[in-house]
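This report refers to the structure that appears directly beneath it.
In UniProt numbering, the protein residues as written are 1 to 469.
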């Protein structure tokens with residue numbers, strides 16, 4: 001089912017704190033805690049049979065949620081113990097929630113954690129900004145089955161980084177909106193099943209927060225539909241520079257472009273025309289000079305990079321930029337280690353190694369690095385990986401989790417480039433083309449889950465993937 005774009009918003013922990021403050025103007029924080037605790041309890045009861053439960057409560061609001069869960073599970077007859085890892089501040093809502101817990105507080109949770117059928121992690125949540133201490137990490141290591149409130153303790157909700165140690169949860173329940181760390185690696189691997197629950201916070205608050213990050217799903221963009229009046233030029237022309245030596249990359253991009261709906265695909269061959277001509281009767285092989293081809297105003301989108309040698313990439317890219325066409329740069333372009341060379345490009349699609357070669361080591365986190373690269377070049381950046389990040393020069397970011405590890409095959413990136421180029425040629429914006437292209441590429445990979453796909457197999461599934469979007 002297609003989700004609304006609003007539901008795909010991802011909030012950093014600091015933004016979620018702003019949401020809580022705004023929500024508290026109409027709903028008391030203690031009531032939000034009750035709502036959150038009830039939501040977690042519902043999900044636990046739905047999935048687990050009654051068993052011994054140890055609730056680990058931190059000193060903040062996450063711990064407050066934990067006290068509510070403990071009380072509600074005990075009310076249902078579950079055997080519950082609570083361990084307080086730090087006491088709530090005097091007069092805080094978390095203290096009020098703790099006072100509502102009528103049971104005892106165990107002094108030595110290490111004596112019970114291994115015996116507990118279920119451990120509720122209500123220690124720190126997504127806002128943790130430091131490594132958890134050795135006592136807590138050793139305690140969590142002993143837990144057999146964990147349900148995490150907000151995020152497993154030790155996961156940075158903004159970046160997905162592990163802050164020293166984090167338990168692998170079977171279930172993570174978060175509230176209102178997910179956070180980037182729920183989907184960024186390595187954090188994503190610690191979540192287990194992720195459930196996002198409504199706790200009566202109004203979505204209207206989002207307009208005051210001005211979020212800039214989304215989960216990449218079809219509700220974030222819309223692919224143009226086929227019309228009765230469509231013809232090849234209306235569906236878009238994709239022009240691809242074909243390398244003189246490594247010819248397969250451009251052919252894979254062209255194959256992907258055709259399969260995902262390009263009206264016409266041109267290959268401008270830097271080497272032998274015969275090699276490209278023999279690969280498909282559906283490609284148009286340019287016989288004119290590049291300067292002549294660039295004068296065709298219908299050919300607005302060009303792919304530069306797949307299979308190109310460094311010298312070829314430098315020479316061709318400068319000519320394309322001077323012609324004011326839209327350019328998707330990949331592969332060979334990133335050999336140059338030159339940020340300046342990319343200014344004037346519409347979309348760049350580096351994998352992590354290529355990104356580091358051009359932009360340097362990632363010192364903070366992937367989202368921040370991709371944003372800076374987008375601002376430096378003026379291009380939409382597709383930082384490819386198992387958690388691909390799409391960053392726009394205006395600060396927008398999307399995180400893609402819709403993909404298969406089987407996409408890691410030779411030519412997969414060339415296929416993605418062809419998909420993005422086709423969507424751009426069809427009239428989508430650079431940002432939407434990149435987001436939709438990454439999702440379609442991932443969907444094509446998921447359609448190959450019964451086998452280990454080649455790049456050609458991925459390309460062959462793109463038509464079905466587009467239908468599924």
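Note that CB positions come from ideal geometry on N, CA and C, so glycine has one too.
Determine the contact status of residue i and residue j, defining contact as a CB-CB distance below 9 Å.
i           : j           : result
residue 23  : residue 207 : no
residue 87  : residue 109 : no
residue 444 : residue 459 : yes
residue 172 : residue 152 : yes
residue 396 : residue 213 : yes
residue 65  : residue 122 : yes
residue 326 : residue 377 : no
residue 399 : residue 180 : yes
residue 118 : residue 53  : yes
residue 174 : residue 194 : yes
residue 93  : residue 16  : no
residue 30  : residue 216 : no
residue 426 : residue 261 : yes
residue 318 : residue 294 : no
residue 347 : residue 328 : yes
residue 196 : residue 178 : yes
residue 18  : residue 209 : yes
residue 404 : residue 449 : yes
residue 363 : residue 385 : no
residue 98  : residue 67  : yes
residue 188 : residue 387 : yes
residue 350 : residue 375 : no
residue 36  : residue 55  : no
residue 10  : residue 190 : no
residue 134 : residue 154 : no
Please state the DSSP three-state secondary structure of residue i.
i           : result
residue 174 : strand
residue 37  : helix
residue 370 : helix
residue 273 : helix
residue 100 : coil
residue 255 : helix
residue 249 : helix
residue 286 : coil
residue 473 : This structure cannot speak to residue 473, because the chain is shown only from 1 to 469.
residue 213 : strand
residue 107 : coil
residue 314 : helix
residue 353 : helix
residue 168 : coil
residue 425 : helix
residue 45  : helix
residue 226 : coil
residue 464 : helix
residue 329 : strand
residue 302 : strand
residue 140 : helix
Quick check on residue i: buried or exposed, where buried means 16 or more other Cβ atoms within 10 Å of its Cβ?
i           : result
residue 440 : buried
residue 47  : exposed
residue 147 : buried
residue 452 : exposed
residue 282 : exposed
residue 414 : buried
residue 26  : exposed
residue 255 : buried
residue 91  : exposed
residue 28  : exposed
residue 77  : exposed
residue 286 : buried
residue 144 : exposed
residue 442 : buried
residue 251 : buried
residue 72  : buried
What distance in whole Å lies between the Cβ atoms of residue j and residue i, which are believed to be in contact at a cut-off of 8 Å?
i           : j           : result
residue 331 : residue 249 : 6 Å
residue 263 : residue 235 : 3 Å
residue 418 : residue 333 : Not a contact, Cβ separation roughly 15 Å.
residue 163 : residue 132 : 6 Å
residue 57  : residue 83  : 7 Å
residue 80  : residue 63  : No, residue 80 and residue 63 are not in contact; Cβ-Cβ is about 15 Å, not under 8 Å.
residue 416 : residue 438 : 7 Å
residue 381 : residue 373 : 5 Å
Answer yes or no: the CB of residue i versus the heavy atoms of the ligand MG, is any distance below 8 Å?
i           : result
residue 260 : The ligand MG is not part of the structure shown, which contains no ligands of any sort.
With three or more C-beta pairs closer than 8 Å as the rule, is the segment 147–164 touching the segment 117–127? As far as the Cβ criterion goes, the segment 117–127 touches the segment 147–164, which means the pair count is three or higher.
Three CB pairs or more closer than 8 Å across the segment 341–360 and the segment 257–276: Taking one beta carbon from each stretch, the segment 341–360 and the segment 257–276 have fewer than 3 pairs nearer than 8 Å; the two do not touch.
Taking 8 Å as the threshold, find out whether the segment 409–428 comes into contact with the segment 236–255 through three or more Cβ pairs. The answer is yes - the segment 236–255 touches the segment 409–428, with three or more Cβ pairs under 8 Å.
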